[in-house]
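So the structure is just underneath, and the comments pick up after that.
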Amino acid sequence: MAERTLARGRMRSFRPTAWRRIRRTLLACGICYGAAYILADDVVAAGMWEHYSRLDQAISELSGTGAPSAGFLTLMNPVFTALVVAFGAGVWSAAASSRALRATAVLLVLQGLLFPVWLLYPMTSRGDLAHAAGGANDLGHLVLTVVAVGAMVAQMILSGVALGRPFRAFAVAMAVVLLAAGAYVGTTVGTVAQGGETPWMGLVERASYGAWLLWMAGLAAGLLRRSGRTGLAPAGAAR
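FYI, the numbering for the sequence shown is 116 to 354, going by the numbering used here.
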């Protein structure tokens, strides 16, 4: 009888510990995604294209029609999807009763699941755009961009509501950078559509997307820190 009681006690203590480890692994995926994305896009993919300019060209050109790096990034797409979906699951598990944080998690999962759809709408290469107008793939690409930006900003604002003033200030700052840089990139769409040059556009777009990656890393780090405190729910858990 005593042995059974002891075994049950061990199982009860094991389950919360095992679940915390799973949660921490899922949350760490938010940091891993940023690292994997930068390595895959700006190091490997950009390095496969001899004349590609990280300063002047769009990120999407790396996976555009005819790009030598398109095949590699297609192979990386499931990895990116898995990391973002896993991070969203981790945020959900750490949300406790916070409706705002749960909404953030849902948006993250949906955005991750949307990654494969981008493969259906690659950006037309500038060389082709210089001789002919873009097609339905470019229109779809623009629509996906607008949806993605809206989801990113919503994630930032919702997480700021859930996690208190310091993180809220950080999240708002990242949202401002994302929108401001994204607005500048938006002004270059016409030039890109004509196959023209866009000085510094690549750098500005990377600042915009980088703001989201930095927010993800900050959210992951904050929730990982909180998950290490047994029984402590996120700040603003009722929100």
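We put the beta carbon where it would ideally sit given N, CA and C, even for glycine. Here the structure is a predicted model, which is why all the values come from computation and not from measurement.
So TYR324 is in the alpha helix (DSSP H); what residue range does that whole segment cover? Element bounds for TYR324: 316-342.
- Return the chain-ordered list of same chain residues with a C-beta closer than 6 Å to the C-beta of PHE230, the five sequence neighbours on each side being excluded. Leaving aside the five residues that flank PHE230 on each side, the residues in its chain whose CB is nearer than 6 Å to its CB run, in chain order, ASN192, PHE195 and THR196.
| task | Can you have a look at VAL268 and say buried or exposed, based on whether 16 or more other CB atoms are within 10 angstroms of its CB? | result | VAL268 is buried by the Cβ-count criterion.
message = In the DSSP assignment, the alpha helix (DSSP H) including GLY227 goes from what residue to what residue?
response = Its alpha helix (DSSP H) spans residues 214-233.
| message | What would DSSP say about MET163, mapped onto helix, strand or coil? | response | In the displayed model, MET163 falls within coil according to three-state DSSP, outside both helix and strand.
inquiry  = Check this for me: beta carbons of GLU320 and ALA160, under 7 Å apart or not?
reply    = In this structure, ALA160 does not lie closer than 7 Å to GLU320 by Cβ.
Query - Where ARG169 falls: helix, strand or coil (DSSP) - result: DSSP places ARG169 in coil when its eight states are reduced to three.
Q: For MET126, collect the residues of the same chain with a Cβ closer than 8 Å to its Cβ; drop the 5 residues on either side in sequence, then sort them by chain order.
A: Confidence at MET126 is low in this model, with a pLDDT of 46, below 50, so its placement is unreliable and the value that follows should be read with caution. Cβ neighbours of MET126 beyond the five flanking positions: none.
Practice prompt. Let me know the secondary structure DSSP gives SER178 once reduced to three states.
Written response: If DSSP states are grouped into helix, strand and coil, SER178 belongs with the helices.
Where do the ends of the alpha helix (DSSP H) carrying TYR299 lie? Taken as a continuous stretch (DSSP letters only), the alpha helix (DSSP H) holding TYR299 covers 280-301.
If contacts are defined as beta-carbon pairs under 8 Å, then GLY145 and LEU334 qualify, I think. What distance do you get, rounded to the angstrom? Between GLY145 and LEU334 the beta-carbon gap is near 6 Å, inside 8 Å, which marks them as a contact.
* To do: Go ahead and pull the three-state DSSP assignment for HIS246.
  => Residue state, collapsed to three classes: coil.
Next on the checklist: Does ARG196 come out as helix, strand or coil in the three-state DSSP assignment?
Outcome noted: Correcting the residue identity first, residue 196 is Thr in this sequence and not Arg. Reduced to three states, the DSSP call for THR196 is helix.
- Message: Rounding to the nearest angstrom, what Cα-Cα distance links VAL287 and LEU294 in this structure?
- Response: When rounded, the distance between both Cα atoms is 10 Å.
**Study point:** Opening and closing residue of the alpha helix (DSSP H) in which THR239 lies
**Key:** For THR239, there is no enclosing alpha helix (DSSP H), as DSSP marks it with neither H nor E.
| message | Just verifying my parser: in three-state terms, what is the DSSP assignment at SER184? | response | If DSSP states are grouped into helix, strand and coil, SER184 belongs with coil.
What's the gap between the Cα of VAL224 and the Cα of ALA266? C-alpha separation (whole angstroms): 11 Å.
* If you draw a straight line from the C-alpha of ALA218 to the C-alpha of ILE153, how long is it? -> Taking the straight line joining both Cα atoms gives about 26 Å.
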